[in-house]
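If you count by the working numbering, then the sequence shown holds residues 77 to 362, one letter each, in order. All C-beta atoms in this analysis are idealised placements derived from N, C-alpha and C, irrespective of residue type, glycine included. Keep in mind it's a predicted model, so treat the numbers as computed, not measured. Working notes for the structure below.
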Amino acid sequence: MTEISPLNADLHCHSVVSDGTLEPEALVERAHRNGVQMLALTDHDEIGGLAQAEAAATARGIRFVPGVEVSVTWGHQTIHVVGLRIDYRDPRLLEGLQRTRGGREQRAREIAAQLENAGIAGAYEGALQYVGNPDLISRSHFARYLVEIGACADVSQVFERYLVEGRPGYVAHRWARLGDAVRWIRDAGGDAVLAHPGRYKLSAGGLWSLMAEFAEAGGTGIEVVSGSHTPEQYRTFAQHAVDFGFRASRGSDFHDPKESRVDLGRLPPLPWSVVPIWHGWEDRSE
Ligand code: AMP
Ligand code: MN
Ligand code: MN
Ligand code: MN
């Protein structure tokens, strides 16, 4: 019997066009060095890096999957929905993403005002130094500034002490609705994938409701092997994928060589029990 090695697909990562630190081309180059065979760039609420990444990937023989990670408010929770294999010229998608990005500037000013009250001055300007796209100032940019000035040892410590609910620099925000995000992705011909489900602070019942509502809205996949999951969560979400009939995705959620726990293409393969999200995509060579 021939041993078939699993496809090295990495279907979740970020460039400077959102809150990553590498230019799209450098990101693709790194993925190539790490042996990635199929790559999706999934910047937050933004498709501005896709054309450049696609050209760089194609030149290196990597199968490129145009993607996006949409910020969603579901109840009182922020949820992320990854769109894969989207037509990133679809006007309905573009309009939806533009609307979703809309409140970030005002939110950033409020984050900075809160940090100022907590004794950290100049955070807005400080965060801006790290921003690659003026439309997309994010908490990650504030986190990098807080590390720079020595307020925290690293970015993960920032997300324990600041910028999260109950801490200075947390500003509640309304993102897109779940049904809208899924619809924009589907209108653009893509697959909607529930990102890093293990990261949400939900009860078992809450998680079940989220997956049920996501499926009902037209979501077709969930991330099983993710840079945000533990190996135990790979098993849990593989089982949920089977139970709900979702196809499974694999993505590092890479942002930066030093910050990110998992590098591009370096996650374990998907468990054999699940159907990969790329199964059924027309260019099948795996
Ligand atoms: P925003 O969209 O502005 O709310 O920023 C969300 C981003 O912050 C996420 O996409 C992550 O990149 C980053 N983030 C959130 N929580 C953490 C955490 N605990 N550790 C590291 N990065 C985090
Ligand atoms: Mn991010
Ligand atoms: Mn996310
Ligand atoms: Mn992400």
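Residue i beta carbon near ligand 4 (any heavy atom closer than 7 Å)
i	result
Glu299	no
His152	no
His355	no
Thr63	Beyond the ends of the chain as shown, which are 77 and 362, falls residue 63; an answer cannot be given.
Thr296	no
Thr118	yes
Beta-carbon separation (whole angstroms), residue i vs residue j, contact threshold 8 Å
i	j	result
Ala184	Ile213	4 Å
Val157	Leu87	Rounded, the Cβ-Cβ distance is 13 Å, inconsistent with contact.
Leu278	Leu270	So it is not a contact: roughly 12 Å between Cβ atoms.
Ala252	Gly172	7 Å
Pro153	Tyr276	Note that residue 153 is Gln in the sequence shown here, rather than Pro. At roughly 6 Å, the Cβ-Cβ gap stays under 8 Å, so Gln153 and Tyr276 are in contact.
Gly159	Ala293	13 Å between Cβ atoms; not a contact.
Phe235	Ile187	With a Cβ gap of about 13 Å, Phe235 and Ile187 do not count as contacting.
Gly125	Val93	4 Å
Ser325	Glu299	5 Å
Arg259	Thr296	Incorrect: roughly 13 Å between the Cβ atoms, too far for contact.
Asp95	His331	6 Å
Ala129	Leu103	7 Å
Val148	Ile162	Contact doesn't hold; Cβ gap of about 16 Å is too wide.
Asp166	Ala257	The Cβ separation is near 14 Å, so there is no contact.
Leu343	Ser328	6 Å
Ala199	Tyr221	6 Å
Trp354	Ala85	6 Å
Glu122	Arg175	The pair is not a contact, with the Cβ atoms about 12 Å apart (cut-off 8 Å).
Ile73	Leu283	The structure shown has nothing for residue 73, since the chain only spans 77 to 362.
beta-carbon residue i near ligand 3 non-hydrogen atom, thresh 7 Å
i	result
Asp319	no
Asp166	no
Proximity test, residue i beta-carbon vs ligand 2 heavy atom, cut-off 7 Å
i	result
Ser216	yes
His305	no
His249	no
His316	no
Residue i beta carbon near ligand 1 (any heavy atom closer than 7 Å)
i	result
His88	no
Val112	no
Ser232	yes
Phe140	no
Ser325	no
Ser302	no
Ser91	no
Phe235	yes
His108	no
Ser81	no
Ser147	yes
Chain C within 8 Å of residue i, Cβ atoms only
i	result
Pro244	No chain C is part of this structure, which consists of one protein chain only.
Any non-hydrogen atom of ligand 6 within 7 Å of residue i CB
i	result
Pro352	Of the ligands this structure carries, namely ligand 1, ligand 2, ligand 3 and ligand 4, none is ligand 6.
Runs of alpha helix (DSSP H) wholly within the segment 215-284 (minimum 4 residues, chain order): Whole alpha helix (DSSP H) segments, 4+ residues: 215-224, 231-237, 254-263.
Any 3 or more C-beta pairs closer than 8 Å across the segment 329-340 and the segment 285-303: yes
Neighbourhood of ligand 3 [Cβ distance below 7 Å to any heavy atom], ordered by chain position: Glu145, His156, Ala271, His272, Asp329
Ranges of the beta strand (DSSP E) found wholly within the segment 289-362, counting only runs of at least 3: 297-302, 323-327
Completely contained beta strand (DSSP E) runs for the segment 93-155, where each covers 3 or more residues: 114-117, 139-150
Ordered list of alpha helix (DSSP H) runs contained in the segment 154-215, each at least 4 residues: 167-177, 180-193, 199-204
Three-pair Cβ contact test at 8 Å for the segment 100-108 versus the segment 123-134: yes
Contact between the segment 175-184 and the segment 314-324 (3+ Cβ pairs under 8 Å): no
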